[in-house]
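Residue numbers (our numbering): 13 to 283.
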């Protein structure tokens, strides 16, 4: 197994409409001149263009939109042995790169995920396992984008984000789960390491459980997983009813139809 160094890691950051790189100072909690990590920024914009004055910070200004499309552009243009997927609203922990390098030096798995700390209270973002372990389909559902790292030679040649999923796409959620699930299908079993590498605000876009946007995407995800759509739409509807998240029968009917529409549209997009 190769021995990786800090310089073997490239951080792949998705952002939009940036005219400069000052946002990196908030992410790394230091002046831009002191940020030494290798970084590739994909700036999706139809007007602004960010320019880098540093050799180790590359910028791609593109007028293609969609989060998964941004991820794939970054993967296609990365040139380091290790990659770390990151969002522009995270804070990087001081020892993050060390934890990532150590993990990839000791764990042969292609994909390794880590932990996130909640900015507001310093608590873990979700109920992480207490020890390192291989992910299963259930644990993959909670993985956040900035927790994902991978060995490019083993992942980058065959695994990409499904551009139908993710913010700015047709189904605006579940892109991480589909990416990691495909990793399992292709023999790149994701592995969890219980080290914290980023901070993030308490709420993310995947937690808007009553939004039509999310319900539509969950229907598509059920179709991707080849689940019984009739059963799954009413199961989700019962969840909303039980939690008091559907104000009336008519709203509940609308939500279950939205779920079914997402599933049907996924099937159409797969033909």
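Just so you know, even glycine gets a beta-carbon here, dropped at the ideal spot from N, CA and C.
Just so we're clear, the structure is a prediction, and the values are computed from it rather than from any experiment.
| Check | Outcome |
| --- | --- |
| Residue 136 in three-state terms, based on DSSP | strand |
| Residue 105 (DSSP reduced to helix, strand or coil) | coil |
| Other residues of its chain near residue 193: CB distance less than 7 Å, five sequence neighbours each side excluded | 149, 152 |
| Three-state secondary structure (DSSP) of residue 99 | strand |
| Through-space distance from residue 104 to residue 28, alpha-carbon basis | 19 Å |
| In DSSP terms, what residue 22 is bridged to | 50, 95 |
| Between the CA atoms of residue 95 and residue 101 - distance to the nearest angstrom | 18 Å |
| 8 Å Cβ shell around residue 75 - same chain, five flanking residues per side excluded | 56, 57, 58 |
| Limits of the unbroken alpha helix (DSSP H) element including residue 87 | 79-89 |
| Those runs of the beta strand (DSSP E) which lie wholly inside the stretch 167-222 and span at least 3 residues | 203-212 |
| Residue 230, buried or exposed, once every other Cβ within 10 Å from all chains shown has been counted against 16 | buried |
| Expected contact under 8 Å - CB spacing of residue 51 and residue 68 to nearest Å | 7 Å |
| Sequence-distant residues of the same chain with beta carbon closer than 8 Å to residue 166, five excluded per side | 122, 200 |
| For residue 124, three-class secondary structure by DSSP | strand |
| Proximity to residue 189 [Cα-Cα], best of 251, 234, 280 | 234 |
| Three or more C-beta pairs below 8 Å linking the stretch 117-133 and the stretch 198-213 | yes |
| For residue 19, the nearest candidate out of 159, 249, 110 (CA to CA) | 110 |
| Exposed unless 16 or more other CB atoms sit within 10 angstroms - verdict on residue 184 | buried |
| C-beta atoms of residue 264 and residue 249 nearer than 7 Å | yes |
| Inter-residue Cα distance where the pair is residue 215 and residue 142 | 23 Å |
| Distance between beta carbons of residue 84 and residue 172, contact taken as under 8 Å | 5 Å |
| C-alpha gap between residue 136 and residue 160, whole angstroms | 16 Å |
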